[in-house]
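So the structure is just underneath, and the comments pick up after that.
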Amino acid sequence: MTTLPNRPFDYALARLDGGSSALDAVHKRREDFATQIMSHLAASDEFSEMMRRNIAPFRRLMTYYECAMMEMETKFRVLDAEFGLQHDRNPIESIKTRLKSTDSLAKKLTRKGFPITVESVEKNIFDVAGVRIVCTFPEDIFTLADALLAQDDVTLIERRDYVAAPKESGYRSLHLIVEIPIFLEHEKRLVKVEVQLRTISMNFWASLEHQLRYKKNLPEAEAAAVATELANLADAAADLDARMQALRNFLDEERD
Numbered sequence: 004m005t006t007l008p009n010r011p012f013d014y015a016l017a018r019l020d021g022g023s024s025a026l027d028a029v030h031k032r033r034e035d036f037a038t039q040i041m042s043h044l045a046a047s048d049e050f051s052e053m054m055r056r057n058i059a060p061f062r063r064l065m066t067y068y069e070c071a072m073m074e075m076e077t078k079f080r081v082l083d084a085e086f087g088l089q090h091d092r093n094p095i096e097s098i099k100t101r102l103k104s105t106d107s108l109a110k111k112l113t114r115k116g117f118p119i120t121v122e123s124v125e126k127n128i129f130d131v132a133g134v135r136i137v138c139t140f141p142e143d144i145f146t147l148a149d150a151l152l153a154q155d156d157v158t159l160i161e162r163r164d165y166v167a168a169p170k171e172s173g174y175r176s177l178h179l180i181v182e183i184p185i186f187l188e189h190e191k192r193l194v195k196v197e198v199q200l201r202t203i204s205m206n207f208w209a210s211l212e213h214q215l216r217y218k219k220n221l222p223e224a225e226a227a228a229v230a231t232e233l234a235n236l237a238d239a240a241a242d243l244d245a246r247m248q249a250l251r252n253f254l255d256e257e258r259d
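Our numbering puts the sequence shown at residues 4 to 259.
Printed below as a string of structure tokens:
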């Protein structure tokens, strides 16, 4: 079993070094995505026809989104390492990236009435590339968000704060749509990425809520009862976050 470094900054640097394999992961995901494209061509007739005509440009666009996710992941790993140096702890528990499936793209273009073209995907769908940052404490969400948006190559397109104003279901998270540059062999391109920042408890609730709410065919009355219980559990998770944050603040003040 590998022994992790003891110091938080060394640990953060070890995680940063681990990101060097991201390029290999991109190549694998590119091949997986090509397979996914072919297996989902039947999602809609119009989208299928667009894909057959534009398979090369579509794959190229998806590669741009892959590169943007790598860039965003690196930004957060650097912030995590710097935070570890300054505060003797790391604010990021995990980083996860995902590329929107061809099924989801087809459905979203159709639902919103956008043209079924490669250009339309890039112009109208802002969450093709997604990066989820799971943080230790609630304050870390906003500290990291502010640090990201302070960088001069990051442009904020949209901000939705579901921490301050949770959804009716109880869902909590901070969503940012940002635009960042990626540098290719002969050009620089601006690519949009959706960033979600949430705590461990918010992420735990969201993951299980999806399973419990959408995987069951319940009668209306029972579905309503489940929804109420899930909302109550979201409140309980938020209370846990608040108490953990208060304890963290107390310990920080005692150390100072």
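Beta carbons: idealized from backbone N, C-alpha and C, even for Gly.
Note that the structure is predicted; figures quoted are calculated from it, not measured.
Under the three-state DSSP convention, the category Pro60 falls into: helix
Residues bridged to Arg201 (per DSSP): Val137
Alpha-carbon to alpha-carbon, Glu256 and Ala71: 39 Å
Beta-carbon spacing of Leu108, Ile128 below 8 Å: yes
Own chain, CB closer than 6 Å to Ile144, minus 5 neighbours either side, in chain order: Cys138, Leu177, Leu200
Ile185 vs Arg192 beta-carbon contact at 8 Å: yes
Any chain B beta carbon closer than 8 Å to Phe129: Given the protein chain composition of this structure (a single chain), no chain B is represented.
Unbroken stretches of the beta strand (DSSP E), 3 residues or longer, contained in the segment 150-217: 158-164, 177-186, 191-202
Where Thr100 falls, given that 16 or more other Cβ within 10 Å makes a residue buried: buried
Segment contact flag, the segment 114-130 with the segment 237-251, C-beta cutoff 8 Å, min 3 pairs: no
Candidates Asn57, Pro60, Leu147, Met65, of which the one nearest Phe79 by Cα: Leu147
Buried versus exposed, by CB contacts within 10 Å (16 or more), Glu122: exposed
heavy atom of the ligand FMN below 7 Å from Leu236 C-beta: As far as ligands go, the structure on display features none, and thus does not contain the ligand FMN.
Cβ contact (3+ pairs, closer than 8 Å) linking the segment 148-155 and the segment 76-92: yes
C-alpha gap between Asp106 and Asn93, whole angstroms: 36 Å
Separation of Val166 from Arg175, as counted between CA atoms: 5 Å
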